[in-house]
């Protein structure tokens with residue numbers, strides 16, 4: 186065939202005598218389209234291979250300056266992308282570990298803040314930098330490196346992180362020898378500080394009242410008041426002593442909330458349908474926890490219950506969001522007494538910082554029942570509580586009532602509870 190592409194109405198170069206458009210035109214178009222789509226893919230794959238080789242070459246260089254700079258870029262990418270699954274330690278485990286360790290390191294912070302922060306980093310990567318986490322991190326980084334739109338610098342940073350996340354198939358390894366875990370810790374610790382931003386600002390304001398702040402701290406506090414939280418987070422990150430004091434305050438606040446919930450005059454933090462949902466999905470692990478057992482068995486039961494609470498919150502994101510919004514509104518309700526408003530203020534901060542722990546505490550310690558919003562709702566709730574067994578059909582009148590009361594979120598939660606009960610009927 187001729188190397189020149191014929192016109193649509195020209196004779197086909199194959200010699201068939203037909204016009205090109207009726208002979209080989211469609212076949213040639215399909216081939217050209219396939220070639221056009223393969224070429225960019227091949228180019229992208231070749232670029233990824235080159236950048237992966239460049240990352241490997243960095244590790245073989247005696248001068249580690251390039252490795253350090255590339256890991257800094259990896260940290261910037263992780264921060265830009267936010268808390269993506271696979272690129273962070275488990276959020277609940279990280280929060281629990283950091284809060285606990287900052288309290289434990291309080292004396293060390295007073296002596297040497299820099300050394301205390303290093304101890305916090307080291308303890309965190311040893312606790313959470315498991316083989317399973319590193320494998321997931323490696324896989325996620327490689328998948329990101331293959332995504333379109335990245336610069337060569339970005340691909341090299343991701344490939345370097347993936348190489349440093351690789352672990353031997355057998356035998357032990359030291360998490361602290363994996364600098365990519367230090368990158369993850371640094372990014373996640375800054376995010377931890379950002380989530381506690383209001384607590385940080387509140388703590389700094391109290392310190393400022395006592396003239397216990399340097400000019401730098403007063404400046405970042407001013408910026409936080411203007412809505413710029415990043416300088417505040419960086420300042421606290423550089424001062425583990427202050428972070429330890431904030432952690433201590435958070436622990437004391439949570440203890441105040443738990444003590445208040447044990448009092449009969451403290452209102453329940455849940456709405457009736459929220460309590461119904463939680464009672465249903467946590468019924469089995471809660472009853473297992475109440476059964477007599479020895480030490481190891483009880484430890485497993487507690488762990489199972491905690492996991493069930495976490496799963497319940499993960500499967501119903503709106504529950505925690507609605508709970509926090511309600512607490513914040515009530516904390517400013519002038520119709521409530523000062524003690525009640527203070528309770529809701531503390532509770533909003535504590536439930537946001539440690540949702541699993543605080544929901545668990547509310548379930549196990551709260552003495553007040555959720556407040557019904559109408560006499561009819563109170564009757565329906567009383568009828569449910571009088572039953573010895575709950576089924577999906579038993580909850581239908583309640584769902585219909587909430588729909589009539591123009592509470593669509595509550596009606597939807599009851600519907601989801603019905604779905605749960607169809608698979609897990611409860612004998613009370």
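Numbering (my numbering), first residue to last: 186 to 613. Virtual Cβ for every residue (Gly too), placed ideally from N, Cα, C. Quick caveat: nothing in here was measured; it's all calculated off a predicted structure.
- Task: Measure the beta-carbon distance from residue 558 to residue 512 and round it to whole angstroms, keeping in mind my assumption that it falls under 8 Å.
- Result: 17 Å between Cβ atoms; not a contact.
- Sub-7 Å separation of residue 370 and residue 323 beta-carbons: no
- CB contact flag (residue 342, residue 255, <7 Å): yes
- Item | Run of the alpha helix (DSSP H) containing residue 595, from where it starts to where it stops | 593 to 608
- If you run the structure through DSSP and keep just helix, strand and coil, what is residue 574? Collapsing the DSSP output to three states places residue 574 in a strand.
- For residue 204, three-class secondary structure by DSSP: strand
- Task: Examine the Cβ distances between the stretch 517 to 530 and the stretch 542 to 549 and report whether three or more of them are shorter than 8 Å.
- Result: no
- Query: If you follow the alpha helix (DSSP H) that residue 554 is part of, which residue opens it and which one closes it?
  - Reply: No alpha helix (DSSP H) holds residue 554; DSSP gives it neither H nor E.
- Query: With a Cβ-Cβ cutoff of 7 Å, do residue 449 and residue 316 count as a contact?
  - Reply: The answer is no: Cβ separation not under 7 Å.
- Item | residue 243, buried or exposed, once every other Cβ within 10 Å from all chains shown has been counted against 16 | buried
- Buried versus exposed call for residue 344 [16 or more other C-beta atoms within 10 Å across all chains shown]: buried
- residue 581 lies in the alpha helix (DSSP H); which residues open and close that run? For residue 581, the enclosing alpha helix (DSSP H) covers residues 581 to 589.
- Message: Would the stretch 347 to 354 count as touching the stretch 269 to 280 if we require 3 or more Cβ pairs under 8 Å?
- Response: These segments do not touch.
- Would you report the Cα separation of residue 212 and residue 198, rounded to the nearest angstrom? 13 Å
- Query: Can you tell me whether DSSP reads residue 520 as helix, strand or coil?
  - Reply: The three-state secondary structure of residue 520, taken from DSSP, is coil.
- Cross-strand partners of residue 612 (DSSP beta bridge): 574
- Task: Report back the beta-carbon spacing between residue 603 and residue 577 to the nearest angstrom; my notes put them in contact at under 8 Å.
- Result: Going by Cβ atoms, the distance from residue 603 to residue 577 rounds to 4 Å, so yes, they are a contact pair.
- Query: Leaving out the 5 sequence neighbours to the left and right, which residues in its chain are closer than 6 Å to residue 321 when beta-carbon positions are compared?
  - Reply: 271
- Query: Between residue 541 and the rest of its own chain, which residues show a CB-CB distance below 8 Å, the 5 nearest in sequence each way excluded?
  - Reply: 277, 491, 494, 495 and 498
- Task: Along the alpha helix (DSSP H) that carries residue 271, what are the first and last residues, could you check?
- Result: No alpha helix (DSSP H) contains residue 271, which DSSP labels as neither H nor E.
- In whole angstroms, what is the alpha-carbon distance linking residue 241 and residue 231? So the alpha carbons of these two residues sit roughly 15 Å apart.
- Report yes if the CB atom of residue 360 is closer than 7 Å to the CB atom of residue 311, and no otherwise. yes
- Whole angstroms is fine: what's the gap from residue 467's alpha carbon to residue 584's? 20 Å
- Task: Give every residue of the same chain whose Cβ lies closer than 8 Å to the Cβ of residue 395, excluding the five residues on either side of it in the sequence, and list them in chain order.
- Result: Summary for residue 395: the model assigns pLDDT 43, below 50, so the residue's position carries little reliability, and this model does not support an answer.
- Query: Among residues of its own chain, excluding the 5 on either side of residue 533, which ones have a beta-carbon nearer than 7 Å to its beta-carbon?
  - Reply: 509, 512, 513 and 516
- Task: Quick one: grab the DSSP three-state call for residue 481.
- Result: helix
- Query: Does the beta-carbon of residue 505 have 16 or more other beta-carbons within 10 angstroms, so that it is buried, or is it exposed?
  - Reply: buried
- Message: Rounding to the nearest angstrom, what Cα-Cα distance links residue 609 and residue 530 in this structure?
- Response: 36 Å
- Residues that residue 196 bridges to, as DSSP identifies them: 204
- Query: Distance, Cα to Cα, residue 215 vs residue 258?
  - Reply: 42 Å
- Coarse secondary structure for residue 261, derived from DSSP in three states: DSSP, read as helix, strand or coil, puts residue 261 in helix.
- Message: I need the DSSP call for residue 191, collapsed to helix, strand or coil.
- Response: coil
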